[in-house]
Amino acid sequence: MASKTERGFFIDPNVVHTSIPDAILKDLCSRFLINLPTEEQEDMVRVFFQIELAHWYYIDFYCQEQHLPTYGLKEFTKVNIL
Numbered sequence: 629m630a631s632k633t634e635r636g637f638f639i640d641p642n643v644v645h646t647s648i649p650d651a652i653l654k655d656l657c658s659r660f661l662i663n664l665p666t667e668e669q670e671d672m673v674r675v676f677f678q679i680e681l682a683h684w685y686y687i688d689f690y691c692q693e694q695h696l697p698t699y700g701l702k703e704f705t706k707v708n709i710l
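Each residue of the sequence shown is one higher than the last, beginning at 629 in this note's numbering.
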């Protein structure tokens, strides 16, 4: 059960939180999610496709250059949704 809130969302103590810096998450969201056209924002398949693109961008450009940990798509998606 969620115990406290952060940014208006309930935090599930069972969810693994990652060490992806906020600045990187904000960059990825602005590149792949925030500027998504409205009609595509309403299509969950399209949104998850964009999250997958953000995941690969993170692995290709951030993990190799800054030696950040890699995460599978499932864990990466949890970070973006929370």
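Don't be surprised by glycine CBs; every beta carbon is placed ideally from N, CA and C.
These figures come from a predicted structure and were not determined experimentally.
DSSP state of residue 679 mapped onto helix, strand, coil: The answer is helix: DSSP assigns residue 679 an H, G or I state.
When 665, 693, 694, 687 are compared against residue 703, the one with the closest alpha-carbon: Per the Cα distances, 687.
Pair within 8 Å by beta-carbon distance, residue 699 and residue 656: No, these two residues do not count as a Cβ contact at 8 Å.
Per-residue DSSP class, three states only, for residue 691: Per DSSP, reduced to three states, the secondary structure at residue 691 is helical.
For residue 666, the first and last residue of its enclosing alpha helix (DSSP H): Here the alpha helix (DSSP H) through residue 666 covers 666-669.
C-alpha gap between residue 691 and residue 668, whole angstroms: A straight line joining the alpha-carbon of residue 691 with that of residue 668 spans about 28 Å.
Within 8 Å, strictly: CB atoms of residue 678 and residue 660: In this structure, residue 678 places its C-beta atom within 8 Å of the C-beta atom of residue 660.
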